[in-house]
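Residue numbers (this note's numbering): 6 to 105.
Even for Gly, the Cβ is constructed at its ideal location relative to N, Cα and C.
The structure displayed is predicted, hence computed values, not measured ones.
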């Protein structure tokens, strides 16, 4: 994805909304990950994924973390862009990939 990605509320189905809430991921982080992230190495055939690392410097579930790594999985159904899920890991010194 070479251009800036804008996610509409209608793009967020019930599953991804629940995962975003559960994992502390904002719609802005999803957009940033899709726009500037690098390819997720664990995406299965037919599914694409992007990863980005964000400065966090805050608490999550009672612990302080310097960074948050967000991974977003999606696919195309014909011409339609379909968000599948998103996950987050909290920590520091995450390996940062390159946008390809």
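Bounding residues of the alpha helix (DSSP H) (the contiguous stretch that carries residue i)
{"i": "residue 39", "result": "32 to 41"}
Cβ pair residue i, residue j closer than 8 angstroms
{"i": "residue 17", "j": "residue 89", "result": "no"}
{"i": "residue 21", "j": "residue 39", "result": "no"}
{"i": "residue 33", "j": "residue 91", "result": "no"}
{"i": "residue 41", "j": "residue 53", "result": "no"}
{"i": "residue 77", "j": "residue 101", "result": "no"}
Range of the contiguous beta strand (DSSP E) that encloses residue i
{"i": "residue 26", "result": "Looking at the DSSP string, residue 26 is not in any beta strand (DSSP E); the run it does join, the alpha helix (DSSP H), is 19 to 28."}
{"i": "residue 86", "result": "85 to 96"}
Bridge-paired residues (DSSP) for residue i
{"i": "residue 63", "result": "70"}
Classification of residue i by the beta-carbon crowding that lies within 10 angstroms, buried from 16 upward
{"i": "residue 85", "result": "exposed"}
Is there contact between the region 91 to 103 and the region 69 to 76, where contact requires at least three CB pairs shorter than 8 angstroms?
-> yes
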